[in-house]
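Enquirer:
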Amino acid sequence: MNKSQLPPTSIDANPWSDYLTPMAIRPIITLPDPLLRQLSKPVERVDDDLRKFADDMLETMYDAPGIGLAAIQIGEPLRMLVLDVAEKDEPKNPQVFINPEIVSSSEDLFNVHEEGCLSIPEYFAEVERPAEITVKAIGLDGKEKLTKADGLLATCLQHEIDHLNGVLFIDYLSKLKRDMVIRKFKKLAKDRPPAQMVG
Ligand code: K1U
Ligand code: ZN
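Mind the numbering: the sequence shown is residues 730 to 928 in this note's numbering, read in order.
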C-alpha cells in the first residue's frame, strides 16, 4: 500500500497533510517598508512548495481585493507575480508568471491608466506605459510561456514586474507628488500603534 492509500492515523503523523494544507491569506507590506525597494531573486525550481505559495498569493490578492500581486508584497523577494484582470461578470482567470521578462514593448503606442497599489492603500494616479507588451515567463507547470498583452493586462503586468525590480508606480509621478505620498505613509507608520504581542 503506498502513502496515498493509507488513512490518517493521528494529527501528528497525518499522511494527508501534504494534500490538505489550506491556502493562507498573508499580510501585505506597505510603504515605507524598505522591502518594497528590494530587487527580487529568480525562482530556481517550480515545485509543490512554490505552487502552494502561488495559491497563497492568489488568495491574498482576491481577499485584498486586487487584480495583481508580486511576491515581494507579501515579504518574499522572488521573481513571481499573480494577476486576474477578468471583469466582474466574467469567470475568474487567475494567472501566475514566474521569472517574467518583457521581451518586447510598443515604442510608439502608450496607454494612460489609473493605477493603485495594495502596498500604497487608497492612493490612485494616472500612469503612462507602453500599450502592448510581450512577456516571457515560466508557468506553474514549469514550462515557458509567451503572453502578448494590451489594455489592463499590459498595465498590470508592467506594474507587477516593476515590483520585482523595487519600482513603484509613484516613481512615474513628479517628485513633488511622490514625496507627498511617501511623507504621508511615513507619518501613518509612525503614528500606527505597534503590533499586538501574542503570548
Ligand atoms: O500590485 C498591486 O499592488 C496590485 C494592484 C495592481 C494594479 C492595479 C491597477 C493598475 C495596475 C496594477 C491592485 O490590484 S490595486 C487594487 C485595484 O486596482 C482593484 C481592486 C478591486 C477591484 C478592481 C481593482
Ligand atoms: Zn503594486
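Every residue gets a Cβ at the ideal spot worked out from N, C-alpha and C, and that includes glycine.
Treat the numbers as computed from the prediction; the structure is a model and nothing was measured.
Cβ-heavy atom distance between residue 835 and ligand 2 below 7 Å?
Expert: Taking the sequence shown and counting its residues from 1, the one referred to as residue 835 is at position 106. Result no, Cβ not under 7 Å from ligand 2.
Enquirer: When burial is assigned at 16 or more other CB atoms within 10 Å of the CB, is residue 776 buried or exposed?
Expert: On the sequence shown, residue 776 is found 47 positions in, with the first residue counted as 1. Per the 10 Å Cβ criterion, exposed.
Enquirer: Hey, would you say the C-beta of residue 769 is under 7 Å away from at least one heavy atom of ligand 2?
Expert: Numbered from its first residue, the sequence shown carries residue 769 at position 40. Residue 769 Cβ: outside cutoff for every heavy atom of ligand 2.
Enquirer: So, are the CB atoms of residue 792 and residue 754 less than 8 Å apart?
Expert: Along the sequence shown, one-based indexing puts residue 792 at 63. Along the sequence shown, one-based indexing puts residue 754 at 25. Contact: yes.
Enquirer: Around the Cβ of residue 853, are there at least 16 other Cβ atoms within 10 angstroms (buried) or fewer (exposed)?
Expert: The count along the sequence shown starts at 1 and reaches residue 853 at position 124. Exposed: under 16 other Cβ atoms inside 10 Å.
Enquirer: Pick out whichever of 873, 908, 878, 891 has its Cα sitting closest to the Cα of residue 800.
Expert: Walking along the sequence shown from the start, residue 800 turns up at place 71. It is 891.
Enquirer: Nearest by alpha-carbon distance to residue 830: which of 876, 767, 896, 766 is it?
Expert: The sequence position of residue 830 within the sequence shown is 101, counting from 1. Measuring from the Cα of residue 830, the nearest candidate turns out to be 876.
Enquirer: Just the C-alpha distance for residue 860 and residue 884, rounded to the nearest angstrom, thanks.
Expert: The sequence position of residue 860 within the sequence shown is 131, counting from 1. The sequence position of residue 884 within the sequence shown is 155, counting from 1. Whole-angstrom Cα-Cα distance: 7 Å.
Enquirer: Please indicate yes or no: does the CB of residue 923 lie closer than 7 Å to some heavy atom of ligand 1?
Expert: For the purposes of this step, residue 923 is taken as the residue at position 194 of the sequence shown. No, since every heavy atom of ligand 1 falls outside the 7 Å radius drawn around the Cβ of residue 923.
Enquirer: Going by the beta-carbon positions, is the gap between residue 863 and residue 832 smaller than 8 Å?
Expert: In the sequence shown, residue 863 corresponds to position 134, counting from 1. In the sequence shown, residue 832 corresponds to position 103, counting from 1. Yes, Cβ-Cβ distance for residue 863 and residue 832 is below 8 Å.
Enquirer: From residue 866 to residue 780, what does the alpha carbon distance come to, in whole angstroms?
Expert: For this step, residue 866 is matched to residue 137 along the sequence shown. For this step, residue 780 is matched to residue 51 along the sequence shown. The straight-line gap from Cα to Cα measures roughly 15 Å.
Enquirer: May I ask you to list the residues that DSSP assigns as paired with residue 824?
Expert: To locate residue 824, count along the sequence shown from 1; it is residue 95. DSSP output for residue 824 lists 812 as bridge partner(s).
Enquirer: Along the chain, where does the beta strand (DSSP E) that runs through residue 911 open and close?
Expert: Taking the first residue of the sequence shown as 1, we reach residue 911 at position 182. Annotation for residue 911: no beta strand (DSSP E) segment contains it, though the alpha helix (DSSP H) segment containing it runs 904 to 920.
Enquirer: Using only CA atoms, which one of 802, 881, 778 lies nearest to residue 856?
Expert: Within the sequence shown, the letter at position 127 stands for residue 856. Checked all of 802, 881, 778; the closest Cα to residue 856 is 881.
Enquirer: Regarding residue 885 and ligand 2, is the C-beta to nearest heavy atom distance less than 7 Å?
Expert: Position 156 of the sequence shown, counting from 1, holds the residue named residue 885. No.
Enquirer: Compare the beta carbon distance of residue 839 and residue 858 with 8 Å and say whether it is the shorter of the two.
Expert: As a position in the sequence shown, residue 839 is number 110, starting the count at 1. As a position in the sequence shown, residue 858 is number 129, starting the count at 1. Going by C-beta atoms, residue 839 is nearer than 8 Å to residue 858.
Enquirer: What is the C-beta distance between residue 769 and residue 917, in whole angstroms, given that I count them as a contact (C-beta under 8 Å)?
Expert: Here residue 769 refers to the residue found at position 40 of the sequence shown. Here residue 917 refers to the residue found at position 188 of the sequence shown. Actually they do not touch by this definition, with Cβ atoms about 25 Å apart.
Enquirer: Output needed for residue 785: all residues of its chain with C-beta closer than 8 Å, excluding positions within five of it in sequence on either side, in chain order.
Expert: One-based indexing of the sequence shown puts residue 785 at position 56. Excluding positions up to five away in sequence, the list reads 752, 753, 754, 755, 803.
Enquirer: Less than 7 Å between C-beta atoms, sequence neighbours within five positions excluded: which residues of the same chain meet that for residue 911?
Expert: Residue numbering aside, residue 911 sits at position 182 when the sequence shown is read from its first letter. So the list reads 760, 761, once near-sequence residues are dropped.
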